[in-house]
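Chemist:
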Amino acid sequence: MSPALNTLAGLILPDRGVSPNAEDIFQLYLLILIMAAVVFVGVEGLLIWFTLKFKARRGRVAAQIHGNTRLEVGWTIGAAVILVFITAVTFIKLPGIKDPAASDIDAQGNPVAAAAMFASTDQPAPPRGDSLNITVDGQQYVWRYQYPRQGDKTVFAYEEMVVPLGMTVILRITADDVIHSWWIPALGGKMDAVPGYVNKTWFKATKVGTYKGQCAELCGRNHANMTAQVRVVPFDEYQAWFDREAEDIKTARDEAARRRDELLKQQQEEEQQSEQPSE
Ligand SMILES: [Cu+2]
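If you read the sequence shown in our numbering, its first letter stands for residue 447, the second for the next number, and so on.
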């Protein structure tokens with residue numbers, strides 16, 4: 447595409463999806479946009495043409511017309527057909543948006559064969575069960591991500607989520623204080639983060655990169671600063687990041703525990719000293 451066309455597309459189109467659900471949303475948007483554009487150009491074109499063709503002229507008398515059954519039935523049926531078509535396509539696309547796709551890799555990062563899409567009324571486990579389950583917690587004004595433990599390693603992160611390429615990532619979304627909304631446009635639709643309730647959504651990134659988003663529910667005075675990004679990296683890089691984070695968190699925890707013990711001991715010593723009668 448030429449630069450001018452690209453700029454125009456950037457203005458009127460949402461981010462191109464790099465996750466199957468985001469791509470389905472993009473295609474639905476594009477389909478409805480094109481149909482709406484055809485209707486818009488048709489209606490406005492006729493309007494402008496009629497305004498010029500039938501404008502007032504000296505000596506001309508306007509015809510008085512009352513109803514046209516064929517035309518009226520025609521545009522009623524036409525509009526109905528368009529709506530039924532959009533509804534049908536939407537329902538065809540919905541399962542692919544809602545239900546997690548099969549992961550391209552397993553928990554050890556080994557590639558697995560692609561599996562078929564499927565439909566369900568609630569979010570089921572992805573086919574074959576391979577997934578990375580991350581809890582997303584909205585807090586005024588930051589996103590917190592809790593990763594599943596690997597052995598004795600625990601990892602959490604703020605603001606930036608790091609995930610492996612091709613892995614189906616299941617998000618369990620909740621909030622601590624007020625309602626927030628998780629949204630990384632390139633990776634799928636919005637999902638509300640509600641205190642005391644868990645909403646589920648998912649994505650499977652098909653391209654390495656950093657995808658930005660931001661809280662999509664006005665949640666307080668710093669709402670605008672509540673950004674989020676997902677960094678998609680090859681599996682080995684992800685595992686290295688996970689191990690490093692786990693190590694850092696463990697070091698920080700050990701250090702905090704050591705300081706706590708130290709303070710406790712100091713306090714006990716002071717108490718003992720004050721109990722001793724002064725001479
Ligand atoms: Cu928020």
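C-beta: ideal position from N, C-alpha, C; glycine also.
May I ask which residues mark the beginning and end of the alpha helix (DSSP H) holding Val487?
Modeler: The residue you call residue 487 lines up with position 41 of the sequence shown. Where Val487 is concerned, the enclosing alpha helix (DSSP H) stretches over 466-499.
Chemist: Suppose contacts are defined by Cβ-Cβ distances below 7 angstroms. Is Thr647 in contact with Met637 by that definition?
Modeler: The residue you call residue 647 lines up with position 201 of the sequence shown. The residue you call residue 637 lines up with position 191 of the sequence shown. In this structure, Met637 lies closer than 7 angstroms to Thr647 by Cβ.
Chemist: Which value, in whole angstroms, describes the spacing of the CA atoms of Ile523 and Gly634?
Modeler: Looking up residue 523 in the sequence shown gives position 77. Looking up residue 634 in the sequence shown gives position 188. Looking at the two C-alpha atoms, the distance is approximately 34 angstroms.
Chemist: Where do the N-terminal and C-terminal ends of the alpha helix (DSSP H) with Lys650 fall, by residue?
Modeler: For the purposes of this step, residue 650 is taken as the residue at position 204 of the sequence shown. Element bounds for Lys650: n/a, residue is neither H nor E.
Chemist: Nearest to Leu586 by CA position, among Asn668, Pro460, Asp461, Ala526, is which residue?
Modeler: Stepping through the sequence shown from its first residue, residue 586 is reached at position 140. In the sequence as displayed, the identity of residue 586 is Gln instead of Leu. The shortest C-alpha separation from Gln586 is found at Asn668.
Chemist: As a quick exercise: from Ala547, Gly597, Ile478, pick the residue whose alpha carbon is nearest that of Leu530.
Modeler: Counting from one through the sequence shown, the residue named residue 530 turns up at place 84. For the sequence presented, residue 530 should be read as Val rather than Leu. Considering only alpha carbons, the answer is Ile478.
Chemist: Excluding the 5 residues flanking Val609 on each side, which residues of the same chain have their C-beta closer than 7 angstroms to its C-beta?
Modeler: Counted from its first residue, the sequence shown places residue 609 at position 163. Excluding residues within five positions, the ones whose Cβ falls inside 7 angstroms are Leu578, Val615, Ala651, Val676, Val678, Tyr684.
Chemist: Please report how far the alpha carbon of Asp552 lies from the alpha carbon of Thr600, in whole angstroms.
Modeler: As a first step, residue 552 is located in the sequence shown; it is residue number 106 there, counting from the start. As a first step, residue 600 is located in the sequence shown; it is residue number 154 there, counting from the start. In a straight line, the C-alpha of Asp552 is about 19 angstroms away from that of Thr600.
Chemist: By how many angstroms is the C-alpha of Pro680 removed from the C-alpha of Val485?
Modeler: Taking the sequence shown and counting its residues from 1, the one referred to as residue 485 is at position 39. Taking the sequence shown and counting its residues from 1, the one referred to as residue 680 is at position 234. Taking the straight line joining both Cα atoms gives about 45 angstroms.
Chemist: Who sits around ligand 1, taking every residue whose Cβ is closer than 5 angstroms to one of its heavy atoms?
Modeler: Qualifying residues, in the order they occur: His626, Cys661, Cys665, Met672.
Chemist: Beta-carbon within less than 7 angstroms of Tyr643's beta-carbon, same chain only, minus the 5 sequence neighbours each way: which residues are those?
Modeler: The residue you call residue 643 lines up with position 197 of the sequence shown. Excluding positions up to five away in sequence, the list reads Thr620.
Chemist: Taking the CB atoms as reference points, tell me whether Asp398 and Ala662 lie closer together than 7 angstroms.
Modeler: Any question about residue 398 goes unanswered here, given that the chain covers just 447 to 725.
Chemist: So what does DSSP say about Glu708, is it helix, strand or coil?
Modeler: Residue 708 sits at position 262 when you count from the first residue of the sequence shown. The answer is helix: DSSP assigns Glu708 an H, G or I state.
Chemist: Measure the alpha-carbon distance for Val624 versus Pro546 and round it to whole angstroms.
Modeler: To locate residue 624, count along the sequence shown from 1; it is residue 178. To locate residue 546, count along the sequence shown from 1; it is residue 100. In a straight line, the C-alpha of Val624 is about 27 angstroms away from that of Pro546.
Chemist: Output the boundary residues of the beta strand (DSSP E) element that contains Arg677.
Modeler: Residue mapping note: residue 677 aligns to position 231 of the sequence shown, counting from 1. Where Arg677 is concerned, the enclosing beta strand (DSSP E) stretches over 673-679.
Chemist: Under a three-way DSSP split, which group does Gly513 fall into?
Modeler: Against the sequence shown, residue 513 aligns to sequence position 67. Gly513 falls in the coil class under three-state DSSP.
Chemist: So, does the CB of Glu490 fall closer than 7 angstroms to a CB anywhere in chain B?
Modeler: Of the protein chains in the structure, only one exists, and it is not chain B.
Chemist: Using the rule of at least 16 other Cβ atoms within 10 Å of the residue's Cβ for burial, across every protein chain shown, is Lys499 buried or exposed?
Modeler: Locating residue 499 in the sequence shown gives position 53, counting from the first residue. With fewer than 16 Cβ atoms within 10 Å of its Cβ, Lys499 is classed as exposed.
Chemist: Ends of the alpha helix (DSSP H) at Gly456?
Modeler: Counting from 1 along the sequence shown, the entry for residue 456 is found at position 10. Segment 449-458, the alpha helix (DSSP H) holding Gly456.
Chemist: Determine the burial state of Asn467: buried for a count of at least 16 other Cβ atoms within 10 Å of its Cβ, exposed for fewer.
Modeler: Within the sequence shown, numbered from 1, the residue matching residue 467 stands at position 21. Classification for Asn467: buried.
Chemist: May I ask you to report which of helix, strand or coil DSSP gives Val640?
Modeler: Counted from its first residue, the sequence shown places residue 640 at position 194. Looking at Val640 - three-state DSSP - the assignment turns out to be coil, as it is neither helix nor strand.
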